[in-house]
Every structure is written in structure tokens, then in C-alpha cells.
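Numbering (our numbering), first residue to last: 1 to 388. In what follows, a structure is listed as C-alpha cells, so that the remarks can point back to it.
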Amino acid sequence: MIVLLSLRKDAFNMKKVKVLFFIYQMGAGGAARTLLNIINNLDRDKFSVVLVTLNFDGSYEKDIRSDVKFIKLSTSRLSRSIFKLATIIRNEKVNVVFSTIPRVNTIAIIANRISRGHAVNVIREADNLGGTVQENLKLRLFGMVYKLSSQIISLSEGVKQNLVKRYGIKEKEIQVIYNPVDLNNINEKMNKGNIDSNFEYIFDTDDKVIITAGRLVKQKDHRTLINAFNLVNEQVKSRLVILGEGPLQEELIEQTRSLGIENRVYFIGFQQNPYIYFTQSDLFVLSSIHEGFSHVVAEALATGTPVVSTDCKSGPREVLDNGKYGLLSEVGNADELASNMLKVLTYDQAKLTDVINQGYKRAETFDAKKMVKQYEEIFLAEVKSEGR
């Protein structure tokens with residue numbers, strides 16, 4: 001009987017923790033890419049995974065591991081997902097509900113409460129939000145809901161401070177985990193991928209090729225980047241490749257026309273494998289007004305592409321270690337951004353090689369295998385503390 005009880009105890013201890021990941025959609029954004037990296041790298045000996053999204057198709061869906069139970073809710077409105085999500089949490093007997101982005105986090109917390117299940121909420125904050133009175137009030141309300149979660153994760157120290165200042169969260173309730181960068185996946189896609197034949201001619205040139213990636217929205221400030229590129233191109237013949245889609249595309253194209261550089265700026269949309277484009281470029285530039293971590297900067301370093309970024313709150317400075325691994329520029333300052341771009345584009349070979357090698361080393365800091373272990377530790381600790 002003692003042996004039997006011992007075996008039962010061991011079997012219980014070996015039971016996998018079931019983690020439900022909830023996100024708006026597995027689209028082209030950084031939040032979806034982060035969830036993808038966590039999901040695909042979780043230790044399957046310890047965890048099983050359920051992924052729930054709204055009724056949208058996402059560009060990262062085909063990259064999800066086959067052992068993930070993927071559920072799409074029959075609604076495209078977040079406000080109508082609460083009871084549907086609560087039912088899944090209850091029926092799937094979930095141990096952990098993980099979510100990211102403020103509105104999604106609040107829905108996940110409320111749904112978990114309604115489910116009357118035994119899951120803990122672990123939420124992730126991904127950006128430096130707020131500024132206006134209205135925005136700050138909204139964040140304070142989010143913060144009140146956040147306090148009902150078991151653990152709050154911030155993807156950078158800057159975002160942590162913003163959580164304290166604008167959400168009213170205590171520092172001790174927040175743990176910083178940098179975004180996981182799937183280096184194995186990046187290397188595989190660089191080695192096996194090919195540039196779309198429609199765009200090969202862009203890179204078949206003696207001109208310097210500058211690249212950026214991100215949604216064509218105000219936050220990414222492509223307008224300043226295009227102005228900076230115009231200044232760079234006057235001194236060093238260059239091409240600017242813009243990966244991404246968004247509502248400002250026509251406005252940005254018109255900007256290139258007004259500057260007379262429409263034949264040197266290429267809008268090539270979202271690319272499933274951006275890394276092959278990065279590695280064929282001479283420089284990656286981020287011109288954002290604000291970021292949480294700036295996943296794409298870490299990914300650019302991993303491809304061996306030198307980086308110039310704005311010193312926006314709060315990710316780039318942390319990713320680039322105060323400018324040690326890439327040059328930082330004032331937000332919205334096209335002249336300074338152009339100056340830093342020119343510095344990198346005119347490095348001699350020895351300097352360029354050193355910058356590239358240092359970038360590889362820095363990217364290893366964010367390797368998914370290391371970062372995901374931190375998530376695993378939190379999931380296990382929260383489940384254990386709740387006696388689930």
C-alpha cells in the first residue's frame with residue numbers, strides 16, 4: 001500500500017501543467033510573435049498548451065507546433081469573448097491563463113473569474129502606454145483589474161516603471177522577462193529562406209540597403225525615417241526597404257513622392273520570413289516613438305545586421321545596452337537619425353565585422369530557450385502556490 005501511494009504521488013507530481021494562451025489573433029505583431037516563441041519552446045514534459053484567439057486568421061498560425069490545441073472563438077469582438085473563454089477555461093481544466101495587451105488581459109482575468117475554475121492568471125504588459133489624462137485614467141482602471149492576477153510580467157525595466165507610475169502596480173508585484181527570440185528559428189529561416197523573386201532586384205545593387213519592419217502606424221514614425229533616409233541618400237546612394245502593412249501606407253508613399261525618392265523606397269508588405277531580408281541589408285533602422293521591448297531590434301542583431309534606433313521609451317536602450325550594440329537617436333529627430341545611419345554605412349570592414357559579431361553575442365542574451373525557462377518557473381510557482 002505504501003508503494004502504491006508513492007506511485008500515485010509520483011504520478012500526480014508528473015501531471016503536466018495546462019497553460020491557456022489568449023490573444024486577439026496570431027497576427028503579424030510583436031505580441032503574437034512573442035506568444036509563438038513561448039508556446040513553441042515550452043517544455044512538453046512539463047506543460048501542455050491550449051491557444052485561444054478571436055475569429056481572425058493570423059499569419060503566424062502555420063508556425064504553431066502541431067501538439068497545440070488551437071481554438072478560435074466564434075466572435076471577432078473582444079467584448080463578446082468573455083463567456084466563451086470562461087467556458088473553455090472550465091472545460092479544459094486549465095491551470096494557467098496567460099495573456100498580453102491591456103484589453104486582452106482584462107478580458108482574460110474576468111473570464112477566469114467567471115469560469116469558477118482553478119486557474120491562475122499570468123499577464124504580460126508589452127508597451128509604454130499613456131500620456132494624456134484620458135489614457136492615464138484608462139490605464140489606472142486596467143491596473144485595478146491587473147491586481148486580480150497572480151503574476152504580472154513586464155517585458156522591460158522601462159515598461160515595469162510605467163506599470164508602477166500609470167497603472168498603480170507595486171514594483172514587487174512585477175517581474176521583468178525580456179522577449180524570447182527564437183534564434184534557432186531565425187537561423188533556419190535565414191539558411192533555408194529565399195527573397196521573393198519579385199523583390200530580388202531591390203537587393204541586387206551596389207547601393208547601400210537600409211531596412212525596417214513594423215506596422216505602418218503613427219507609433220513606428222516611418223515619416224521621420226523617410227526624412228532621414230532622404231538626407232542619407234544625398235551622401236550615400238541607398239535604398240530603403242519597408243516591411244509591414246498599415247493604414248498610413250498611402251500617406252507615406254506620397255511623402256516619398258514629394259521628396260523625389262519614390263524610386264528608392266520600397267514598400268514590400270508583411271513578409272513571413274523577414275530575416276532573409278534583414279541579412280541581405282546593410283543596416284536595420286527602428287524609428288519608433290515608443291516601444292515596450294523592440295523585439296525586431298533583437299531579431300535584427302541575430303541576423304548580423306547593424307542597428308540604428310530611436311531612444312524611445314523603453315525597449316531599444318535596454319536591448320542595445322545603452323548604445324553598446326547599436327546607435328541611439330532622439331525620437332523624431334531626422335537629422336540625428338540620418339547622422340547615425342551614415343556612421344554605420346561608412347564603417348570600415350574591421351569596425352563592421354566587430355559590430356556584427358557583437359550583435360550576435362547580444363542576441364544570445366534573449367535566446368528563447370533562456371527566456372522561456374523564466375516563464376516556466378513562473379507558471380510552475382504560481383500553480384504550486386495556489387495548490388492547483
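Quick reminder that beta carbons are idealized off the backbone N, C-alpha and C, glycines included.
- Collapsing the DSSP output to three states places glutamate 245 in coil.
- Rounded to the nearest whole angstrom, the C-alpha separation of valine 49 and leucine 380 is 14 angstroms.
- Shortest Cα-Cα distance from serine 156 to any of Phe270, Ile174, Leu148, Ser309 involves Ile174.
- Taking every protein chain shown into account, the CB of glycine 131 has fewer than 16 other CB atoms within 10 angstroms, so this residue is exposed.
- A Cβ-Cβ separation of about 12 angstroms leaves valine 176 out of contact with phenylalanine 366 under the 8 angstroms criterion.
- Its chain contains Leu155, Ser156, Asn179, Gly315 as the residues whose beta carbon lies nearer than 6 angstroms to that of phenylalanine 293, once the 5 sequence neighbours on both sides are disregarded; these appear in chain order.
- When the five nearest sequence neighbours on each side are left out, the beta carbons in the same chain lying within less than 6 angstroms of the beta carbon of valine 236 are those of Lys208, Leu345, in order along the chain.
- For glutamate 318, the closest of Thr353, Arg362, Val372 by C-alpha to C-alpha distance is Arg362.
- Every alpha helix (DSSP H) of 4 residues or more that sits fully in the region 242-329 is shown, in chain order, as 249-259, 275-279, 295-302, 315-319.
- Rounded to whole angstroms, the Cβ separation of serine 81 and isoleucine 107 is 6 angstroms, and the two are in contact under 8 angstroms.
- Within the region 132-164, the complete beta strand (DSSP E) segments of 3 residues or longer fall at 151-154, listed in chain order.
- Leucine 54 sits in coil when the DSSP states are folded into three classes, being neither helix nor strand.
- For aspartate 367, the three-state secondary structure derived from DSSP is strand.
- Positions of the beta strand (DSSP E) runs, each at least 3 residues long and wholly inside the region 38-88, are given as 47-53, 69-72 in order along the chain.
- Assignment of beta-bridge partners to lysine 18 by DSSP yields Ser48.
- Boundaries of the alpha helix (DSSP H) around threonine 224: 222-235.
- Spanning the alpha carbons of threonine 353 and threonine 305 requires a straight line of approximately 10 angstroms.
- The alpha-carbon separation between lysine 46 and leucine 327 amounts to approximately 41 angstroms.
- For the pair cysteine 312 and arginine 33, the Cα-to-Cα distance works out to about 21 angstroms.
- Ranked by how close their Cα comes to the Cα of alanine 300, the residues Val52, Lys18, Ile38, Ala213 have Ala213 in first place.
- DSSP, reduced to helix, strand and coil, places asparagine 112 within a helical segment of the structure shown.
- Comparing alpha carbon positions, the residue from Tyr277, Thr224, Asp335 closest to glutamate 251 is Thr224.
- Excluding residues up to 5 positions away in sequence, Arg166, Tyr167, Gly168 lie with their Cβ nearer than 8 angstroms to the Cβ of arginine 140 in the same chain.
- Nearest in C-alpha terms to glycine 244, of all of Lys15, Gly29, Val19, is Gly29.
- Scanning its chain for C-beta atoms nearer than 8 angstroms, with the 5 sequence neighbours on each side dropped, one finds around serine 281 the residues Phe203, Val209, Ile210, Ile211, Val241, Thr305, in chain order.
- Just measuring C-alpha positions, the residue of Met26, Gln25, Glu92, Asn55 sitting nearest lysine 16 is Glu92.
- Residue state for glutamate 173 is assigned as helix, using DSSP reduced to three classes.
- A distance below 8 angstroms between beta-carbons, with the five flanking residues on each side excluded, links asparagine 273 to the following residues of its chain, in chain order: Lys189, Gly193.
- Inter-residue distance for leucine 248 and glycine 269 is about 12 angstroms (C-alpha atoms, whole angstroms).
- With a beta-carbon spacing of about 20 angstroms, isoleucine 289 and phenylalanine 267 fall beyond the 8 angstroms limit used to define contacts.
- In the structure shown, threonine 205 falls within a coil segment according to DSSP collapsed to helix, strand and coil.
- The Cβ neighbour count for leucine 137, taken over all protein chains shown within 10 Å, is under 16; the residue is labelled exposed.
- In the three-state scheme derived from DSSP, where H, G and I count as helix and E and B as strand, asparagine 121 is classed as strand.
- In the DSSP assignment, leucine 240 is bridged to Ile210, Val265.
- The residue from Thr303, Lys370, Val297, Thr256 with its alpha-carbon nearest to that of phenylalanine 278 is Thr303.
- Serine 339: member of the alpha helix (DSSP H) spanning 334-345, first to last residue.
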